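I have placed the structure first, in the form of structure tokens, so that the comments after it can refer back to it.
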Amino acid sequence: VDGDGVSEGNSDVCPETYGESSSATSRGCPDSDGDGYTDPEDAFPTQPLQWEDTDGDGYGDNTQFTDGDECIDVFGKSMYNGRQGCPDTDLDGHGDPDGDWQPKPDCTGADAFPDDPLQWCDKDGDGVGDNYIVTNKTVIDEENPGLMIEICEHIGDAFPNDATQSSDIDCDGRGDNATGISPDAFPLRFSQQDDNDGDGYGNNFTLGAYRPDECRNEFGTSTTDRFGCPDSDNDGMSDLNDPCEWDPEITTGIRGQVVCAITEDPNKVEEDDIADVKGEDSNTLLFAMGGVVAFMLASILVAMLARQASRNRLLKERAVERKIESQLMDEEERREQWVSYYVANGELDKARELGWVDPASVPAWKQHEIQQQEQLQASIPTMLDLD
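When the count follows this note's numbering, it moves up by one through the sequence shown with no breaks and lands on 779 for the last residue.
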């Protein structure tokens, strides 16, 4: 039938295909690829460089040529990095580590994740695979009940070349690991990354940014009128706009026109009280010492009395200073009361004559600068403080 001169019957192994083989197992069969092995005996009848496949995995035993089996006696389906026909547990095409065949930083070696079909390489060696797959997902915003927030749900390393970072939940390009390089202070907020003063409010104050810090270099907890500015009484209103910065019960009104139940830091011990206690302790010690040594050295007693007299003069001088300082403070309070009165009645020109400046005409940054200067001035010790 096939015209190859071999009787079909039981002699021609390939009765319908022309072939010149005389072997008993392939009589009358062709050798399609011309490699010397007839098609019935050739595991790769169309590949002239391969003809045997000992482990039956589809890769030829002739390792000298392309697609040769690197693991001749072991079934395997690996195909990448010149490692064909070797075990590949997760079937991702990357051969399992074995002996000298190990993962490499340039990803030309064994599978770094032999049990994970989605990962095979880890350039930075942080244990997170470099095959990065991202899916946008909407979840509940735990900081703002009732609202939703979009995050990036992902597998793999968002920073394949940085061993200190791997996750970036908000997909803003900054890593979520707080101890890593260039960490994101706000892992769930795409619009915020840095927080200079560590108060939980971000430096980015551009339009649409999440809770921008209006006092970026000064720790603050205010939330009502602005975010991240000093709020001494923790009532939500910043000290700048709080008429009673130490009274948490009052947040509205004009400073000087409302009655504040608390007018100073309740946790601060009066400096004058400390000075009085120190003075009492000092006097007690002096009298005790005088009683012990009076009978021994009269000259020492005289010196001590002279020193006490000098101290009394100093105390009198300081008392005068305190009185003058009190008068100046009273004068300033009266001026502020008149300013508040003129402002409340719309007599702004008279208020300006007393030094009042319209807050609306002063930029927010300038107001903040003035406040810092006032705080700095208040922190400078007086002669009384140096006692």
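For glycine and all other residues, C-beta sits at the position ideal for the given N, C-alpha and C. These numbers were taken from a predicted model, which means no experiment stands behind them.
Where residue 726 falls, given that 16 or more other Cβ within 10 Å makes a residue buried:
exposed
Is it buried or exposed, residue 525, if we count other Cβ atoms within 10 angstroms and call 16 or more buried?
exposed
Cβ-based neighbour list, residue 395, same chain, cut-off 8 Å, excluding 5 preceding and 5 following
Residue placement at residue 395 cannot be trusted, given a pLDDT of 48 that sits under 50; what the coordinates show is reported in the next sentence. Excluding positions up to five away in sequence, the list reads 410.
Using alpha carbons as the reference points, say which of 747, 518, 485, 491 lies closest to residue 510.
485
Contact defined as beta carbons within less than 8 Å: I believe residue 559 pairs with residue 567. What is the distance between those atoms, to the nearest angstrom?
7 Å
Residues near residue 444 in its chain [Cβ-Cβ closer than 7 Å; skip 5 each side]
435, 452, 453
By the 10 Å Cβ neighbour count, where 16 or more other Cβ atoms means buried, how is residue 591 classified, buried or exposed?
buried
Quick one: grab the DSSP three-state call for residue 540.
strand
Taking buried to mean at least 16 other C-beta atoms within 10 Å of its own C-beta, is residue 692 buried or exposed?
exposed
What would DSSP say about residue 728, mapped onto helix, strand or coil?
helix
Measure the beta-carbon distance from residue 593 to residue 620 and round it to whole angstroms, keeping in mind my assumption that it falls under 8 Å.
3 Å
C-beta contact flag for residue 630 and residue 640 at 8 Å
no
Can you name, in chain order, every residue of its own chain whose Cβ lies under 6 Å from the Cβ of residue 499, other than the five neighbours on each side?
513
Ordered list of beta strand (DSSP E) runs contained in the segment 507-536, each at least 3 residues
525-532
Taking the continuous alpha helix (DSSP H) assigned at residue 740, which residues delimit it?
740-745
Mapping the DSSP letters down to three states, classify residue 722 as helix, strand or coil.
helix
In angstroms, rounded to a whole number, what distance separates the CA positions of residue 611 and residue 548?
36 Å
Determine which residues share a DSSP beta bridge with residue 619 and list them.
605
In terms of alpha-carbon separation, which member of 495, 582, 701, 488 lies closest to residue 528?
582
Which class does residue 490 belong to by DSSP, given the choice of helix, strand or coil?
strand
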